[in-house]
Amino acid sequence: MAKMNLLQAINSALDVAMAKNDKVSVFGEDVGHFGGVFRATSGLQEKYGRARCFNTPLVEQGIIGFANGLAAQGSLPVAEIQFGDYIFPAFDQIVNETAKFRYRSGNEFNVGGLTIRTPYGGGIHGGHYHSQSPEAYFAHTPGLKIVVPRNPYQAKGLLLSAIFDPNPVLFLEPKRLYRAAVGEVPEEEYTLPLGKAEVVQEGSDVTLVGWGAQIEVIERAVALAEKDGVSVEIVDLRSIQPWDADTVAESVMKTGRLVISQEAPHTMAFGSEVAATIQERCFLYLESPIMRASGLDTPYPLAHEKEYFSDHLKTYEAIKRSLNY
Amino acid sequence: MAKMNLLQAINSALDVAMAKNDKVSVFGEDVGHFGGVFRATSGLQEKYGRARCFNTPLVEQGIIGFANGLAAQGSLPVAEIQFGDYIFPAFDQIVNETAKFRYRSGNEFNVGGLTIRTPYGGGIHGGHYHSQSPEAYFAHTPGLKIVVPRNPYQAKGLLLSAIFDPNPVLFLEPKRLYRAAVGEVPEEEYTLPLGKAEVVQEGSDVTLVGWGAQIEVIERAVALAEKDGVSVEIVDLRSIQPWDADTVAESVMKTGRLVISQEAPHTMAFGSEVAATIQERCFLYLESPIMRASGLDTPYPLAHEKEYFSDHLKTYEAIKRSLNY
Amino acid sequence: MAKEKAPKTQVTSELTVIPPHAVNIPMFQLLKDDGTVHKGAKLPDIDKELALKMFSTMQFIRLLDERMFAAQRQGRISFYLSSLGEEAASIGSAAALKFEDMIMGQYREQGALAYRGFTVKQFMNQLFSNEQDLGKGRQMPVHYGCAALNFMTISSPLGTQIPQAAGYAYGQKQSGDKTCTLVYFGEGAASEGDFHAGLNMAAVFEVPAIFFCRNNGYAISTPASEQFAGDGIAPRATGYGMRAIRVDGNDILAVYQATQEARRLAVEENTPVLIEAMSYRMAGHSTSDDPTGYRTKDEEAQWRDKEPMVRFQKWLVAQGWITDEAAEQQMASHKEAVLAALKEAEKVPVPHVDEIISDVYDTPIPILHEQLETLKAHIRNYPDAYPATSERVK
Amino acid sequence: MAKEKAPKTQVTSELTVIPPHAVNIPMFQLLKDDGTVHKGAKLPDIDKELALKMFSTMQFIRLLDERMFAAQRQGRISFYLSSLGEEAASIGSAAALKFEDMIMGQYREQGALAYRGFTVKQFMNQLFSNEQDLGKGRQMPVHYGCAALNFMTISSPLGTQIPQAAGYAYGQKQSGDKTCTLVYFGEGAASEGDFHAGLNMAAVFEVPAIFFCRNNGYAISTPASEQFAGDGIAPRATGYGMRAIRVDGNDILAVYQATQEARRLAVEENTPVLIEAMSYRMAGHSTSDDPTGYRTKDEEAQWRDKEPMVRFQKWLVAQGWITDEAAEQQMASHKEAVLAALKEAEKVPVPHVDEIISDVYDTPIPILHEQLETLKAHIRNYPDAYPATSERVK
Ligand SMILES: Cc1ncc(C[n+]2csc(CCOP(=O)(O)OP(=O)(O)O)c2C)c(N)n1
Ligand SMILES: Cc1ncc(C[n+]2csc(CCOP(=O)(O)OP(=O)(O)O)c2C)c(N)n1
Ligand SMILES: [Mg+2]
Ligand SMILES: [Mg+2]
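Chains as they are written, first to last, in the working numbering: chain F, 3 to 327; chain Y, 3 to 327; chain E, 62 to 455; chain C, 62 to 455.
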């Protein structure tokens, strides 16, 4: 065990994966010698050579196109998109190609070796284009797995699972926590399951669902609610696709209430799917409507970041609305 | 009034718009002399000249990038993407540029003149890449309007509204109905409101929500339900963004039941938002969970198209599940 | 060969505007339109067996295209797309590769696939989306693919395979197995952003890839003159610091030789090459298209005179390697094979409905199992509505 | 000028591989590194007033960059991005345009904006995201924009402005008002698919656009040698049938003259032009970057000797249009203005919270009104948590 921040945990996962299997390579803009603008790939070129850790030209559609081809060839590419906000030029390669590669070919070919890493989320004075949470844009895409860790321990374990999972995985890293989240992380290899939620805290009055950096926000909101004497169950989805509806439903059947807290703009954020599914599965158990605390339906503003953000206070208010319905 | 099919109605709308305002231009792959692969722009180059109706090179990101610039300059471009399945290379230009142009500049600049037309949907033996219903991919994007007509009358009236609306509009045309849907359409200009749903049929037992080509499927399902003595209210959303939650909520408060029928894969299709919002707004009125009849969570298959499709029978079964809960 | 560095930039105090067509790229041709060889031309090292295999593949593809186009017109398949007039480009290039090399197609390279050994039966199974289709009936007709033949499954979105080829070739280079990737695309698809991405990355990473552009003059109805203002596709290579060859795509010998040289450069010297094969799409774009709306009979006629199969046949006859009669007989036997396979494939049922959820992931995720069970219950309920699969749903 | 057609393709029976660097593109330079003029060089028609305006703008930008970089280090603004060393490229090109021409920037062209007349106060308002910012505090610092000055608001996603410039110029051409669009981008951004789209479309549609590439050797940490294998960006024009000029980006006279000629070609002859300005990013990429991790002090020192402002100053002094002392004084007065404006802008509050929903659409859609009302009620509930806006929420 060692104390690592989230970036170090990512770096350690990449290091372990590259040491274990020489088919693993990492690349993207500034990923090589420099180690990436956040330094997630720091030291890897020195250790594994320029052929396995390298800069690409500045073209996201090319990075993922190239990675698709490399994965189809049998390698395990880990492609970095510098910011989640810049993943959209690669949208076609991801949604039309990566996700459909195996199905369309009848399993003659697949890009299961591919992992796409990208930092996401706000709270860093990033404005429109360094703050977005794009998970919902991809969640409508059969064939893709989507994973979001909330802390260093998860980051390493889930990333190692993603890299060696025989399906393409989009791995979203909460950049706000890159250095802020620190915790004990094993130095050796370990994995955490994809597609499984984690009950972070048990409770009986209301279920709170979130993922990634938002769990920290939720925990602050829950602290406030607990002062009011409310017992909250917190579920961290960890995977957005496939997502663990069973664990959420089980929790809601127990608590009778559900609040989702999410960073992205409200309309069609992933919480919509959670709400739609859970109201169907837990209809007779729900004591109040499923509430969502979300970002506003605007692009991500800079000066009004605090106001835009679905922070702990807004989440706390949603809990109260759920309880006092 | 004249009898027109849906394609003719589109063509007529473009004709009326181009005649009315010489800032309107239409372009895209094969859109010029040939009139588009579906012939929606047929005759327009002859009538309005090559400068206002023209072929573009084969590059969707360029078509929308070019259209964004042209709209920013003050023109009213109507850009065609040949198939909805091929809109993804333009995803960045649409989601990061078109949608955020006005907001990010503090209204110094805008691309409000832009309309993007594209055929969508299955049922034409198109397989993976000529069948997708991509509306949900865009519905998470503040700044964009999204419109889907269900018949020739709507197609013309909504398209004219879209072209002259001071906001960028994504206009999705149900290609299955291009020639199949025929109806009375005024030859002159008229408009239908954006952002407003239409109650297609009133009823009291259950509300059915859909949009575009799916309304026809819903009507067939409703015919079956009516034989069972069920009274169904049908709501056609017409606009996906902004969507008319008020009209749907009002209907559900009356009927107490809601079924959504949609073509796209189930998870994170637009019905998820409808369900999430309506369970919140109509919680005390709902007599059964909101049901969704959707496509399967797979890419769109060819040989199993019928099996994949959320057809009238699956919609009918969903109605029954809603009623017999 | 080490990467050839750009020459040091000269400084000039005179304002120099580089003209729009600064490189002059000639077209390599061995066989003239009439099938005779250019005087003094050095022919590729090609023996009778190889030549006849190439020719027979051309005939087969021509026949297949003709019959399946007709089958679509008869409503027996939903869609078809012919490669009429471009057989030399795909077959000549495929013949110059090693079997281990990966081929990535756009969709009009059935010739390359046939050359690799895809059987008439395999073609038919795909075209009829039946349960023997390697692609499990999931994609439209002509979206072939075969791992055993190193032929990547076709995908409709244009240009996406181009950066993928760069990535695939990177993997080949890493593996050290001295193979390359050849990727086909049309002059229309070369307008896509993915083209730019793929060629630039290939040049930077020095991968063993051959970018083979079939410039057939049209992208559906859009003529090349409205697709680009440059002198075709080949000069773009210069912008990437890449080598280029322009070849007569209707001259199978020239295509063969050009691709051989490109392969040598790619594999032995790790320098990717862009080949532009000049040809003409003699048929409509596909069965959904009618070219009379956008081009003249005259233009089509001119290109008929440059037709690649007749040209090659003349050369073969002049070589004494075949007679016109033998060629005709061979064509007839292709016809028989095609017709027989067509009739057989037509009878094979579509894949079992269970296949609707396989291969989305390596193993179906829980929601897919649920959806399949719901679907099967539903089919049992309404068997008549799902005739293709209901009989096998118990 | 009618579109220059590609020459007719020659046929050759000898296999010709076009080498990777088939066009030779020299760099246009008038002022040598030491500020003296090349012998025999013909200088542009530039008078004292214009020259001094260009110089003063260079000084202002250098000062602004220096102060605001420091202000970021002091925590007064969240981010800054300097154009150190590239002032000649942006200012020289902007000076060659008409005011009515549209400028679309990448983000490192504050010089062009200042030349157009953006005031120091306007710069500061944007940098502090205050309520006087034309962009309403919505984007990160340096994302300037001003409709009144025909300077399109900067957007972070790289390359997106390139096809937009083609579209904007198309509209200008249609309007018949004899204006053009000049679009800036880095050699890194030129790798994006949007670059390919924009240049090809511009060439096909013959629009009055100038594609101005600042080749400053780096894209964050990535050196140009890992960005492309070609001879820079200029030879790509040939691939699109477009004209190109390579110019010394550190020589403001050469940049001015090259852009003047490009503008003439664009507006009078409707032929777009690609300009590649060779320069060097002397500072880090931005305040988030530290270049010592990826390049040597030596390399930086070499480029300091080619520095554009000193070079221009030497020429101005030699012309007798300014003295070193006057230049120094002018710099001091820029400094005063910048410091004063900084202090003032810092005090201006952020925009009212109502602005959070304006401009998403031309008028807010219903859900935005609801969200704003909910937000304001929430702020009233927790005023301390939203200190920037709560005071003004009643
Ligand atoms: C991304 C994308 N856009 C549009 C299409 C529709 N489309 C199919 S083929 C085609 C023309 C392709 O022309 P070209 O690349 O020259 O190939 P050719 O058909 O001439 O062989 C078009 C526009 C598509 N398949 N993919
Ligand atoms: C689409 C996109 N990808 C990545 C980034 C992150 N990024 C910002 S600046 C930059 C480097 C740009 O280099 P260049 O175009 O050469 O311009 P320069 O900074 O040298 O002026 C990168 C990678 C971005 N802003 N947009
Ligand atoms: Mg073509
Ligand atoms: Mg640069």
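Cβ coordinates follow ideal geometry from the N, Cα and C atoms, glycine included.
Let's see if you can read the secondary structure: which residues bound the alpha helix (DSSP H) around residue i?
{"i": "residue 329(E)", "result": "313-330"}
{"i": "residue 64(Y)", "result": "62-74"}
{"i": "residue 319(F)", "result": "314-325"}
{"i": "residue 186(Y)", "result": "No alpha helix (DSSP H) holds residue 186(Y); the beta strand (DSSP E) holding it covers 184-187."}
{"i": "residue 294(Y)", "result": "Per DSSP, residue 294(Y) belongs to no alpha helix (DSSP H); it is in the beta strand (DSSP E), 293-297."}
Look at residue i and residue j and say whether their C-beta atoms are less than 7 Å apart.
{"i": "residue 209(Y)", "j": "residue 253(Y)", "result": "yes"}
{"i": "residue 200(E)", "j": "residue 123(Y)", "result": "no"}
{"i": "residue 30(Y)", "j": "residue 101(Y)", "result": "no"}
{"i": "residue 304(C)", "j": "residue 332(C)", "result": "yes"}
{"i": "residue 265(C)", "j": "residue 309(F)", "result": "no"}
{"i": "residue 240(E)", "j": "residue 161(E)", "result": "yes"}
{"i": "residue 243(C)", "j": "residue 164(C)", "result": "yes"}
{"i": "residue 178(Y)", "j": "residue 7(Y)", "result": "no"}
On the DSSP letters alone, give me the boundaries of the beta strand (DSSP E) that residue i sits inside.
{"i": "residue 201(Y)", "result": "200-203"}
{"i": "residue 118(F)", "result": "117-122"}
{"i": "residue 82(Y)", "result": "78-82"}
{"i": "residue 306(C)", "result": "304-309"}
Given this structure, state the Cα-to-Cα distance separating residue i from residue j, to the nearest angstrom.
{"i": "residue 431(C)", "j": "residue 71(F)", "result": "47 Å"}
{"i": "residue 143(E)", "j": "residue 300(C)", "result": "29 Å"}
{"i": "residue 62(E)", "j": "residue 55(F)", "result": "With a pLDDT of only 42 at residue 62(E), under the threshold of 50, the placement of this residue in the model should not be trusted; the figure read from the coordinates follows. Near 24 Å, if we compare the C-alpha coordinates of residue 55(F) and residue 62(E)."}
{"i": "residue 142(Y)", "j": "residue 428(C)", "result": "13 Å"}
{"i": "residue 325(Y)", "j": "residue 279(Y)", "result": "20 Å"}
{"i": "residue 241(F)", "j": "residue 194(C)", "result": "40 Å"}
{"i": "residue 286(E)", "j": "residue 248(E)", "result": "11 Å"}
{"i": "residue 124(E)", "j": "residue 370(E)", "result": "12 Å"}
{"i": "residue 214(F)", "j": "residue 139(F)", "result": "16 Å"}
{"i": "residue 360(C)", "j": "residue 69(E)", "result": "17 Å"}
{"i": "residue 280(E)", "j": "residue 99(Y)", "result": "28 Å"}
{"i": "residue 270(E)", "j": "residue 334(E)", "result": "7 Å"}
{"i": "residue 65(E)", "j": "residue 41(Y)", "result": "49 Å"}
Residues of the region 295-327 of chain Y with Cβ closer than 8 Å to any Cβ of chain E, in chain order: Residues 298, 299, 300, 301, 303, 304, 305, 306, 308, 309, 310, 313, 315, 316 and 319.
Segments assigned alpha helix (DSSP H), at least 4 residues, entirely inside the region 196-267 of chain F: 216-229 and 247-257
Please identify, using Cβ separations under 7 Å, the residues of the region 297-315 of chain E that lie next to chain F, in order along the chain. none
Can you list the beta strand (DSSP E) stretches of 3 or more residues lying completely in the region 125-208 of chain E, in chain order? Entirely contained in the region 125-208 of chain E, the beta strand (DSSP E) runs reaching 3 residues are, in chain order, 163-165.
Contact residues within the region 161-193 of chain C, judged by C-beta distance below 7 Å to chain F: 190
Using a beta-carbon distance cut-off of less than 7 Å, what residues from the region 89-119 of chain Y approach chain C? For the region 89-119 of chain Y, the residues whose beta carbon sits under 7 Å from a beta carbon of chain C are, in order, 94, 95, 98, 99, 104, 105, 106, 107, 108, 109, 110, 111 and 114.
Which of the residues in the region 208-230 of chain C, read from start to end, lie with their CB under 9 Å from any CB of chain F? 216, 217, 218, 219, 220 and 221
What residues in the region 384-415 of chain E have a beta carbon less than 7 Å from any beta carbon of chain Y? 411, 412 and 414
At what residue ranges does the region 140-190 of chain F contain a whole run of the beta strand (DSSP E), taking only runs of 3 or more? 147-149, 171-176 and 184-187
Residues of the region 421-432 of chain C in Cβ contact with chain Y at a cutoff of 9 Å, in chain order, please. Along the region 421-432 of chain C, the positions whose C-beta sits under 9 Å from a C-beta of chain Y are 421, 422, 423, 424, 426, 427, 428 and 429, read in chain order.
Just to confirm the assignment: which complete alpha helix (DSSP H) runs, minimum length 4, are found wholly within the region 332-417 of chain C? 358-365, 369-380 and 385-408
Within 7 Å of chain C by C-beta, residues of the region 28-45 of chain F in sequence order: 31, 32, 35, 36 and 39
Closer than 7 Å between beta carbons: that is the criterion. Which residues of the region 238-262 of chain C meet it against chain Y? 254, 255, 258, 259, 261 and 262
In the region 238-298 of chain C, which residue ranges form an unbroken alpha helix (DSSP H) of at least 4 residues, counting only runs that do not cross its ends? Here the runs fully enclosed are 254-266 and 285-288.
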